[in-house]
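Our numbering numbers the first residue of the sequence shown as 945 and each following residue consecutively.
Remarks on the structure that follows.
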Amino acid sequence: MLIDKINNKQAKIGIIGLGYVGLPVGVAYAEAGFRVTGLDVSQARVKMLNRGESYIDDILSERLLPILANGSFKASFDPSVLAAQDAIIICVPTPLNKTQDPDLAAIKAATKDIAANLQRGQLIVLESTTYPGTTQEVIQPILESRGMKVGEDFFLAFSPERIDPGAIGSKGWRFENTPKVVGGVTPQCRELASTLYSKVVEKVVPVSSPSIAEMTKIFENVFRVVNVALVNEMALLCDRMGLDVWEVLRAANTKPFGIMQFAPGPGVGGHCIPIDPFYLTWKAREYDFHTRFIELAGEINLQMPYHVRELTIRALNRSDKGLHGAKILVLGVAYKKDVSDFRESPAIKIISLLEKDGAHITYHDPHVPELKEGNTTLQSVKLDQQTLNEADCVLIITDHSAFDYETIVRESKVIVDTRNATAKVGENRDKIVLL
């Protein structure tokens, strides 16, 4: 039986999608003693992994070499390998399309590959963030289209990913010690999925259905996006009133109860925060319900890159310069501190806005050697005294730990600091324009 295979770590596990979610999950199971096969559409990724080379910040190449050597992990781009797996975990991207509607193309493609190779007794788990109902309304019909029935011939569950890129080193949170919510289509589906995760995750939180688990993940992201929007709106108001929002927040955060710390910024980025809440907004329309908090929060957060452009113009005015023809050096294009992930990074929108107004943009990011997004392709420049001296304005978008802010402030003409990264710099503060 499958549960015996799981308990004895004899179950073979397939991971579909070897990105920021799938690779840490696959490595965790391989290190725990399971035999793992990772499936990805990118042949380049597959070849890198099979050579022992990682492209994910939180998974060092040194972790791959032992599990490749002992045969507990391998990567493939051939969907037929799914037929040999006892459990399959789907970790593919779920972006929005051009009209801000859910794009489930990757989930559907992965599910069709599973259906074509589905074996009796297999457990399928979706981890990709999506709207409540996806597991049973989209995945289940595809899997049952060949005559098998969920809960009898195969098993299906949803367990939302809780991977926080870049947090492993600083906070100690990783796949293994972050509580795992699990919702199964049937009680047996939930039991099997919970047992599977319990072998590598310290705490499993079973819930009554996949939809509950799906809504749980969406709520987690809605909570963050709404609170980020609140402090962003406060930053915009404080700017109008001539107040330092960072000092306001420092004072407010001394209250020992009834408040949580959030910081304003140039916009929101990453896969989850700017995208996932709109999955719920889209689904809510089916029930004649408008998620006004979410939509308003989205509107506020989307305004922040435009505010950064305004601050850049204001900073250049100090030197009697206009934005057209100005040399702007952007520091940090990753969506968050100390990571290489620039998915949905506000830096991309900000660069686009500045370029449309005629500014000449260069950037430096120690984690992102090349920025390719849409029609934009830039190479990270060397960060030295000459680079800082030549820029008409230095724009801090991502507050990487590697940056020497004392030197940046000293050698720059003027700085727009969207993260309060220069808070500890004591000299030359007249050069700094804070968000």
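Think of the CB as a built atom: it goes at the ideal place given N, C-alpha and C, for glycine as much as any other residue.
Item                                                                                                                                                                            : Value
From which residue to which residue does the beta strand (DSSP E) around phenylalanine 1099 run?                                                                                : 1099-1102
Could you tell me which residues DSSP puts in a beta bridge with lysine 1357?                                                                                                   : DSSP lists no partner for lysine 1357.
Is it true that the CB of tyrosine 1307 sits closer than 7 Å to the CB of valine 1274?                                                                                          : yes
Give a yes or no on whether the C-beta atoms belonging to arginine 1380 and leucine 962 are separated by under 7 Å.                                                             : In the structure displayed, the chain extends from 945 to 1379; residue 1380 sits before or after that span and is not available.
Which word fits proline 1249, buried or exposed, when buried means at least 16 other C-beta atoms lie within 10 angstroms of its C-beta?                                        : buried
In chain order, which alpha helix (DSSP H) runs of at least 4 residues are fully inside the segment 1174-1244?                                                                  : 1189-1196, 1220-1228
Taking the alpha-carbon positions, what's the asparagine 951 to methionine 1159 distance?                                                                                       : 29 Å
With 16 other CB atoms within 10 Å as the buried threshold, where does glutamate 1288 fall?                                                                                     : buried
Which whole-angstrom value is the C-beta distance of isoleucine 1376 and glycine 1276, which I expect to be below 8 Å?                                                          : Not really, about 16 Å apart at Cβ, beyond 8 Å.
How about phenylalanine 1286 and valine 1325: are their beta carbons less than 7 Å apart?                                                                                       : no
For proline 1085, count the other beta carbons within 10 Å of its own beta carbon; 16 or more makes it buried, fewer makes it exposed. Which is it?                             : exposed
How many Å lie between glycine 1113 and leucine 1267 at the Cα?                                                                                                                 : Confidence at glycine 1113 is low in this model, with a pLDDT of 48, below 50, so its placement is unreliable and no value can be given for it.
Across the segment 1091-1101 and the segment 1052-1072, are there enough close Cβ pairs to call them in contact, namely three or more that are closer than 8 Å?                 : yes
May I ask you to report which of helix, strand or coil DSSP gives phenylalanine 1021?                                                                                           : coil
Just to confirm my understanding: we take asparagine 1319, look at its own chain, exclude 5 residues before and 5 after, and list those with CB closer than 7 Å. What are they? : none
Would asparagine 1261 and phenylalanine 1206 qualify as a contact pair, given that the criterion is a beta-carbon distance under 7 Å?                                           : no
Can you have a look at glycine 1091 and say buried or exposed, based on whether 16 or more other CB atoms are within 10 angstroms of its CB?                                    : exposed
Quick check: the Cα distance between valine 1144 and serine 1138, rounded to an integer number of angstroms?                                                                    : 11 Å
Residues in its own chain within less than 6 Å of tryptophan 1226 by CB, not counting five upstream and five downstream?                                                        : Asp1045, Pro1046
Here's the rule I'm using: 16 or more other beta-carbon atoms within 10 Å means buried, otherwise exposed. How should glutamine 1330 be labelled?                               : exposed
With three or more C-beta pairs closer than 8 Å as the rule, is the segment 960-978 touching the segment 1034-1042?                                                             : yes
Report yes or no: do the segment 1229-1246 and the segment 1341-1350 share at least 3 C-beta pairs separated by less than 8 Å?                                                  : no
Tell me the start and end of each unbroken beta strand (DSSP E) in the segment 1276-1309 that is at least 3 residues and wholly inside, in chain order.                         : 1304-1308
Spatial neighbours of serine 1024 within its chain, please: C-beta separation below 7 Å, excluding the five flanking residues on both sides.                                    : Asn1061
Alpha carbon to alpha carbon, how far is aspartate 1382 from tyrosine 1075?                                                                                                     : Nothing in the structure corresponds to residue 1382, since the chain is present only between 945 and 1379.
Do you know how far the Cα of leucine 1339 is from the Cα of aspartate 1188?                                                                                                    : 18 Å
What separation, rounded to the nearest whole angstrom, lies between the Cα atoms of alanine 1042 and alanine 1278?                                                             : Sequence check: residue 1042 is lysine here, not alanine. Using only the alpha carbons, I get a separation of about 22 Å.
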